[in-house]
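Right, one structure below, let's go through it.
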Amino acid sequence: MLEQSFIEVYEKFKVQFYRKIFEKVKERDGSLSAMEGFSLEIIRALKEPTVGQFADFLNISQSNATYKVNSLIKKGYLVRQNSTTDRREYHLVLSDKYYSYAELLTSYEQTVVNRMRERFSEEDVEKFDELLTIISDELMPECD
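With the numbering used here applied, the sequence shown corresponds to residues -5 to 138, in that order.
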């Protein structure tokens, strides 16, 4: 039961996210491709990675990652920021343009959270939050 319920909820979030990505992807010069949208989401999840960290996470070559990053910088979704510890290294930082795009993608998550707050008691919501934190922090080490 747990497995089925978990997969069902995960699939619904995933499909809604993909729907939003494809709604926002337009076939015109300078627009994001679906793959670029996914790349931005990975960069966001990695919290300002270097190009090497981005490449390693995706298990792609450094040159392939650099190509993707340069395209996203050119389109205005990313900026390079020098490392405070090593000036030769830079981190990938999401731009304001990305955040205006991302707001459109996260609105469904906020809708579901609002519905949860309306439907469940405060104690249930707090317990669910606690469980999600444990899942994220302890049970998904591959994603850190």
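Ideal Cβ positions, reconstructed from N, Cα and C, are used throughout, including at glycine.
Query, Result
"Return helix, strand or coil for R111, following the three-state DSSP convention.", "helix"
"Suppose the cutoff is 7 Å on Cβ atoms and the five residues either side in sequence are ignored; what does the same chain contact list for I54 look like?", "none"
"Which same chain residues, not among the five before or five after Q47, have their C-beta less than 7 Å away from its C-beta?", "L40"
"Looking at the unbroken beta strand (DSSP E) that takes in R74, where does it start and where does it end?", "L72 to N76"
"Indicate whether the contact test is met: 3 or more Cβ pairs, each with one atom in the segment 88 to 106 and one in the segment 61 to 73, closer than 8 Å.", "yes"
"Roughly how many angstroms lie between the CA atoms of E30 and R74, to the nearest whole one?", "17 Å"
"Would you kindly work out how many angstroms separate the C-alpha atoms of L52 and C137, rounded to a whole number?", "12 Å"
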